[in-house]
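Before any comments, here is the structure.
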Amino acid sequence: AQTVTQSQPEMSVQEAETVTLSCTYDTSESDYYLFWYKQPPSRQMILVIRQEAYKQQNATENRFSVNFQKAAKSFSLKISDSQLGDAAMYFCAYIGPDSGYALNFGKGTSLLVTP
Amino acid sequence: ETGVTQTPRHLVMGMTNKKSLKCEQHLGHNAMYWYKQSAKKPLELMFVYNFKEQTENNSVPSRFSPECPNSSHLFLHLHTLQPEDSALYLCASSHRRDRGTNYGYTFGSGTRLTVV
Chain L
1 AQTVTQSQPE MSVQEAETVT LSCTYDTSES DYYLFWYKQP PSRQMILVIR
51 QEAYKQQNAT ENRFSVNFQK AAKSFSLKIS DSQLGDAAMY FCAYIGPDSG
101 YALNFGKGTS LLVTP
Chain H
1001 ETGVTQTPRH LVMGMTNKKS LKCEQHLGHN AMYWYKQSAK KPLELMFVYN
1051 FKEQTENNSV PSRFSPECPN SSHLFLHLHT LQPEDSALYL CASSHRRDRG
1101 TNYGYTFGSG TRLTVV
């Protein structure tokens, strides 16, 4: 079965600093999509950023950017200028033929932002 | 609000009760999903409806019964649940579940279910 691995259960960052959350996945497919979702205490799962595997250029959304390494099957999320509102659970997710086109999630990383 | 609304937000039920969770979206999406989120475990996909047809049931016990009367509404009927079924149940929707450009899912805020 297709798997997504987040090896950091918890991370901490100071306000205004930069933090990187790690994600690896396994697949033999060439065409798939990767996502980072944020889940704050409100429980709403919010899409942060999306990457298409056939695009070599790393996706960016304001303070959020990814480092997509297709050969290494790595998809890390970088949060720049961290804010208190960034504190949340962050989930890496995959959609592709081998997940039956269902969104397959990692276990998540809890991000703490300190003043 | 994301456009996917789930009710109730919290639910406490006894093991012999029957209750239903409701999900509604008005995003023009054609696929809807139920996920279970338990502590320390990845989100588990339970059911998938694509154009109102159930296309996936991931070995979910029969005490969970989904219903999708139209593309905008999804229900999860619950009966004779066990304490281990206590979890956050998330509904999501997307344009369609197959090949093609994929923009991910839009999620509701979930129903926190406690079985006593």
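Residue numbers (this note's numbering), protein chains in the order written: chain L, 1 to 115; chain H, 1001 to 1116. Don't be surprised by glycine CBs; every beta carbon is placed ideally from N, CA and C.
Cross-chain neighbours of residue 85 of chain L in chain H, by beta carbon under 7 Å: Residues of chain H passing the Cβ test: none, with the nearest at roughly 17 Å.
Exposure label - residue 1012 of chain H; buried when at least 16 CB within 10 Å: Exposed is the label assigned to residue 1012 of chain H, since fewer than 16 other Cβ atoms lie within 10 Å of its Cβ.
The segment 1064-1073 of chain H contacting the segment 51-63 of chain L, beta-carbon criterion three pairs below 8 Å: Because the criterion of three Cβ pairs below 8 Å is not met, the segment 1064-1073 of chain H and the segment 51-63 of chain L do not touch.
Below-8 Å beta-carbon distance, residue 1038 of chain H vs any chain L residue: False, the Cβ-Cβ gap to chain L never drops below 8 Å.
Which of helix, strand or coil DSSP assigns to residue 1072 of chain H: In this structure, residue 1072 of chain H counts as coil in the three-state DSSP scheme.
Straight-line Cα distance separating residue 1116 of chain H from residue 110 of chain L: Taking the straight line from one Cα to the other gives about 28 Å.
Start and end residues, beta strand (DSSP E) containing residue 1012 of chain H: Per DSSP, residue 1012 of chain H belongs to the beta strand (DSSP E) from 1010-1013.
C-beta contact flag for residue 1105 of chain H and residue 1087 of chain H at 8 Å: No, Cβ-Cβ distance for residue 1105 of chain H and residue 1087 of chain H is not below 8 Å.
Neighbour-count burial assignment, residue 1 of chain L, 16 or more Cβ in a 10 Å radius: Exposed, by the Cβ-count rule.
Per-residue contacts from residue 1042 of chain H into chain L (C-beta, under 7 Å): Within 7 Å Cβ-Cβ: 105, 106 and 107.
Assigned secondary structure, residue 1066 of chain H (DSSP; H/G/I helix, E/B strand, else coil): Note: residue 1066 of chain H maps to strand in three-state DSSP.
Where residue 69 of chain L falls, given that 16 or more other Cβ within 10 Å makes a residue buried: Its Cβ having fewer than 16 others within 10 Å, residue 69 of chain L is exposed.
Residue 1084 of chain H versus residue 56 of chain L: straight-line alpha-carbon distance, rounded: If I take the Cα positions, the gap works out to 43 Å.
Per-residue burial, residue 1066 of chain H [other beta carbons within 10 Å of its own, 16 or more giving buried]: Burial is judged here by how many other beta carbons sit within 10 angstroms of a residue's own beta carbon; residue 1066 of chain H has at least 16 and is buried.
Cross-strand partners of residue 1106 of chain H (DSSP beta bridge): Partner(s): H:1093.
Check whether residue 948 of chain H and residue 102 of chain L have beta carbons under 8 Å apart: Lying before the first or after the last residue shown, residue 948 of chain H is absent from chain H, which here runs from 1001 to 1116.
Nearest to residue 1015 of chain H (by Cα), restricted to the options H:1048, H:1045, H:1074 and H:1079: Of H:1048, H:1045, H:1074 and H:1079, the smallest CA-CA separation from residue 1015 of chain H is found for H:1079.
C-beta neighbour in chain H for residue 33 of chain L, strict 8 Å: Yes, contact with chain H.
Whole-angstrom C-beta distance between residue 90 of chain L and residue 21 of chain L, which should lie under 8 Å: A Cβ-Cβ distance of about 5 Å is found for the pair residue 21 of chain L and residue 90 of chain L, placing them in contact under the 8 Å criterion.
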